[in-house]
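Engineer:
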Amino acid sequence: MGIRRLTVGQAIVEFLVAQQSERDHVTQPFFHGVFGIFGHGNVAGLGEALLAARDRIRFYLPRNEQAMVHTAAAFAKMRNRLQTCACTSSIGPGATNMLTAAAGATINRIPVLLLPGDIFATRRAAPVLQQLESSSSLDVSVNDCFKPVSRFWDRINRPEQLAASLVEAMRVLTSPAETGAVTLALPQDVQAEAFDFPEALFEPRIWQVARPRADTARIEQAAALLKSSHSPFIVAGGGVIYSDACDGLRRFVERTGIAVGETQAGKGVLPFDHPQSAGAVGVTGTSTANRIARDADVVLVIGSRLSDFTTASNSAFANPEVRFISINVAELDAYKRAAIPLVGDARATLEELEARTAGYRVRDDYARHLREWKSDWERETDRLFQTTGRRGVLTQAEVIGALNDTLAPRDVIVCAAGSLPGDLHKLWRSRDVKGYHLEYGYSCMGYEIAGGLGVKLAAPDREVFVLVGDGSYLMMAQELATAVQEGIKINVVLFNNCGFSSIGGLSASVGCDGFGTEYRRRTASGDLDGASVDVDFVANAASLGAKAITTADAASLRRAIADARASSDSTVIVVPVDRDVRVGGYESWWDVPVAETSTLESVRVARSEYDKAKRNQRTLL
Ligand SMILES: Cc1ncc(C[n+]2csc(CCOP(=O)(O)OP(=O)(O)O)c2C)c(N)n1
Ligand SMILES: [Mg+2]
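The letter at position 112 of the sequence shown is residue 162 when you use the working numbering, and the numbering goes up by one with no holes.
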């Protein structure tokens, strides 16, 4: 057996270059590239290796470690988890900056490979700059924080450990059921150490992403239940998209007439005007989907982890007889809500379920309700797209309407936190399965611009529009500089409402008057006055190298969108929006506990409303 003498850093890079994924006879490199911010802990180890291999694997220099992991995750999501990027950091703060985005990737079930530098394995120089010391163990570093947010975690204290660890990392990254953040902590001395690695480690390796089938007896049981249903409903999650099951789902619902409600990750599985599309379901759902969910006697969940936003905190499914069937590649999800668990790939399992439900179709009155509720909803959307703000200021819904009108079907919108995700979930008229990119598993402020870069890298032939609130923008706008530097063109629409409108609304709903959610100036005496801090977002974006413009009315907004699309530069369009004109909820509820005792009358009123709503929450066992 041949050997190659390489440093640990070089061996990792050689290994990354050789990994491929394969599904449905399409084989592609698994790692598109590597993002990295260097410091001690990776500059000499992985840094040297990436320099030497720069013609074979692309290196990107971002501005913030959290952002680079968001970028990698967005890239992987856009590529249906069949490709991703690796991220390398220095030890200490560089590493822990990645934690937030690692949690986001794991929660969203998106593969990213994290390679944080770590303290000396030999410990001879300890404590090294940025080392966390413990009085109870010498085997602790800040990288231990990655354990709960990683689906696989290891620390390479000796070169001999590397091969097995890399192979395990790939197994988890390419497993649809287990994927998420994978962390290999790399002590800086070990990274630079040379070792005789077996040649076999660097040979091209193809990771087949399988389509496991669910148990046949259970599929038959599920088919019988579905065929007995008078009011069925499908909840479609991100798993439908990742498994490339949209066409199969469309054929199934066209034949059976069953309505489909979409989660945030599942939005776009059907075009918005498809007769069986009920639109968004749950807290941020449409009246169509939420009424059908309320009445459903059988709910077929496909590729969803049923978060509280989807189930309206377990109040959405009100039929006392409701039963669940769940198709999911992960057992954890398939068993939720006492469903008949169809543990398998969404596309393959749906095909088998379809074959066993031949002849089944919903009744005429169900079809009629769906038609009527759907056209009610389209009218409501049109109405919201025309709501005007006070003193001529645009409303968020108006801007969304203008964007929906102006963008081409294959353009992609990217969003994550604030009031935009809820409004978009309800109102956005999806026309392409990859046109709606929402990170709403972690709903992490700051994902938007960084994520937009990942989407654009993954789909260079599409125009990418990042929709971001002023709060999220101020948390993480710096990747605009990365976009300019790397020539990754994105368009950003910044909704400026001078603070946290979403949380302001939530705060008011729990009786707390929007406390602490508005950017206000402090006077000399220390009081807050009414005036908002006037951040010059145009100057801010321009300072990072982007084109930037403010638009105050619908006509100039439309022109700005068209100009941004046509330009080869990244543009930020700043749109002041009315902070207080919000899109309401539609026959749904979110469980946010209100203080049980308070000196404030507004809180006591909110609590009594809360107690009432709480009675509709069910424990589905
Ligand atoms: C990193 C992070 N911190 C805090 C939150 C909680 N949070 C959710 S939305 C929000 C405010 C967002 O403000 P902005 O981006 O301006 O959007 P708006 O609410 O005004 O629509 C906050 C603080 C979060 N989701 N992510
Ligand atoms: Mg805001």
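Just so you know, even glycine gets a beta-carbon here, dropped at the ideal spot from N, CA and C.
#1: Between which two residues does the beta strand (DSSP E) carrying residue 463 extend?
#2: By DSSP, does residue 56 sit in helix, in strand, or in coil?
#3: What residues are listed by DSSP as bridge partners for residue 163?
#4: Does the distance between the C-beta of residue 237 and the nearest non-hydrogen atom of ligand 4 fall short of 6 Å?
#5: Could you check what DSSP says for residue 439 in three-state terms: helix, strand or coil?
#6: Would residue 551 be called buried (16 or more neighbouring beta carbons within 10 Å of its own) or exposed?
#7: Sort 633, 536, 406 and 339 by Cα distance to residue 682 and report the nearest one.
#8: Taking the alpha-carbon of residue 219 as reference, which of 237, 502 and 66 has the nearest alpha-carbon?
#9: How is residue 427 classed by DSSP in three states: helix, strand or coil?
#10: Quick check on this structure: which residue in 371, 326 and 163 has the alpha carbon closest to the alpha carbon of residue 344?
#11: For the region 127 to 144 against the region 199 to 212, are there 3 or more C-beta pairs whose distance is under 8 Å?
#12: With a floor of 3 residues, list each beta strand (DSSP E) that falls wholly inside the region 296 to 347, ordered by position along the chain.
#13: Can you grab the Cα-Cα spacing for the pair residue 545 / residue 455, in whole Å?
#14: According to DSSP, is residue 71 helix, strand or coil?
#15: Per the contact definition of three or more C-beta pairs closer than 8 Å, is the region 346 to 358 in contact with the region 437 to 452?
#16: So what does DSSP say about residue 597, is it helix, strand or coil?
#17: Between 409, 531 and 603, which has its C-alpha nearest residue 452's C-alpha?
#18: Go to residue 120, then tell me how far its alpha helix (DSSP H) extends in each direction, as first and last residue.
#19: Which runs of the beta strand (DSSP E) at least 3 residues long sit entirely within the region 510 to 592? Give them in chain order.
#20: Is the beta carbon of residue 155 within less than 6 Å of some heavy atom of ligand 1?
#21: For residue 627, which three-state DSSP category applies?
#22: Tell me which residue opens and which closes the alpha helix (DSSP H) that residue 485 is part of.
#23: Please name the residue or residues paired with residue 374 in a DSSP beta bridge.
#24: For the structure I just gave you, are there three or more beta carbon pairs, one from the region 385 to 393 and one from the region 246 to 260, closer than 8 Å?
#25: With three or more C-beta pairs closer than 8 Å as the rule, is the region 637 to 656 touching the region 619 to 629?
#26: Please work out which residues of its chain come closer than 6 Å, Cβ to Cβ, to residue 246, disregarding the five sequence neighbours upstream and downstream, and give them in chain order.
#27: Going by beta carbon distance, what residues of the same chain come within less than 7 Å of residue 132, once the five residues before and after it are set aside?
Structural biologist: Put simply:
#1: Along the sequence shown, one-based indexing puts residue 463 at 413. Note, residue 463: beta strand (DSSP E), 462 to 465.
#2: The sequence position of residue 56 within the sequence shown is 6, counting from 1. Reduced to three states, the DSSP call for residue 56 is strand.
#3: Here residue 163 refers to the residue found at position 113 when the sequence shown is read from its first residue. Residue 163 pairs with 136 and 232.
#4: In the structure shown, ligand 4 is absent; the only ligands present are ligand 1 and ligand 2.
#5: The residue labelled residue 439 in the question sits at position 389 within the sequence shown. Coil.
#6: Residue mapping note: residue 551 aligns to position 501 of the sequence shown, counting from 1. Flag for residue 551 reads buried.
#7: Residue coverage of the chain in this structure runs from 51 to 671, which leaves residue 682 outside it and unanswerable.
#8: Working through the sequence shown from its first residue, we reach residue 219 at position 169. Closest by alpha carbon: 66.
#9: The sequence position of residue 427 within the sequence shown is 377, counting from 1. Residue 427: helix per DSSP, three-state reduction.
#10: Looking up residue 344 in the sequence shown gives position 294. The alpha carbon of residue 344 has as its nearest neighbour, out of 371, 326 and 163, the alpha carbon of 371.
#11: At 8 Å Cβ cutoff, the stretches do not touch.
#12: Listed in chain order, the complete beta strand (DSSP E) runs (minimum 3 residues) inside the region 296 to 347 are 309 to 312 and 327 to 330.
#13: For the purposes of this step, residue 545 is taken as the residue at position 495 of the sequence shown. For the purposes of this step, residue 455 is taken as the residue at position 405 of the sequence shown. Going from the Cα of residue 545 to the Cα of residue 455 covers about 17 Å.
#14: Locating residue 71 in the sequence shown gives position 21, where the first residue counts as 1. In the three-state reduction of the DSSP assignment, residue 71 falls in the strand class, which pools E and B.
#15: No: fewer than three Cβ pairs fall under 8 Å.
#16: For this step, residue 597 is matched to residue 547 along the sequence shown. Three-state result, residue 597: strand.
#17: Taking the sequence shown and counting its residues from 1, one reaches residue 452 at position 402. With respect to the C-alpha of residue 452, the residue from 409, 531 and 603 having the closest C-alpha is 603.
#18: Working through the sequence shown from its first residue, we reach residue 120 at position 70. From DSSP, the alpha helix (DSSP H) with residue 120 extends over 115 to 128.
#19: Counting only runs of 3+ residues, the beta strand (DSSP E) found wholly inside the region 510 to 592 occupies 514 to 519, 541 to 546, 570 to 572 and 578 to 582, in chain order.
#20: Walking along the sequence shown from the start, residue 155 turns up at place 105. For ligand 1, no non-hydrogen atom lies closer than 6 Å to the CB of residue 155.
#21: Start at 1 with the first residue of the sequence shown, and residue 627 comes out as number 577. Look at residue 627 here: in three-state DSSP terms it is strand.
#22: Translated into the one-based positions of the sequence shown, residue 485 becomes position 435. Per DSSP, residue 485 belongs to no alpha helix (DSSP H) and is neither H nor E.
#23: For the purposes of this step, residue 374 is taken as residue 324 along the sequence shown, with counting starting at 1. Residue 374 is bridged by DSSP to 349.
#24: Of all C-beta pairs linking the region 385 to 393 to the region 246 to 260, fewer than three are shorter than 8 Å, placing the two stretches out of contact.
#25: They do not touch, by the three-pair rule.
#26: In the sequence shown, the residue the question calls residue 246 occupies position 196. Only 53 and 55 meet the Cβ criterion.
#27: Here residue 132 refers to the residue found at position 82 when the sequence shown is read from its first residue. Cβ neighbours of residue 132 beyond the five flanking positions: 71, 73, 78 and 259.
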